[in-house]
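To start, the structure under review is shown below, and the notes come after it.
Numbering (my numbering), first residue to last: 437 to 511.
Structure (structure tokens):
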């Protein structure tokens with residue numbers, strides 16, 4: 437978040453990632469940024485979600501009618 441703030445001139449950054457059971461199509465991550473202009477704000481949001489997917493140890497368990505499967509490294 438600090439790196440994005442410096443690179444994009446942000447005034448504030450907040451990231452929230454849900455845990456627990458999430459239904460398909462439900463939001464799982466929220467990224468909020470404060471910036472003087474929308475262009476840098478959108479660029480920062482794109483950069484932050486890409487970094488989150490690459491760096492965070494994200495795992496998910498897909499549950500279907502055919503059973504459950506753990507998936508890791510979903511960047």
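Idealized CB from N, CA, C, for every residue including glycine.
Item, Value
"Need the endpoints of the beta strand (DSSP E) that residue 468 sits in, please.", "465-470"
"If residue 497 and residue 504 are in contact, beta carbons under 8 Å, what's the gap, nearest whole angstrom?", "6 Å"
"Pick helix, strand or coil for residue 456, following the three-state DSSP scheme.", "coil"
"What's the gap between the Cα of residue 473 and the Cα of residue 502?", "48 Å"
"Residue 484 to residue 492, Cα distance in whole Å?", "11 Å"
"Taking DSSP as the reference, what is the three-state secondary structure of residue 445?", "coil"
"Measure from the alpha carbon of residue 446 to the alpha carbon of each residue in 457, 452, 471 and 438, then state which is nearest.", "471"
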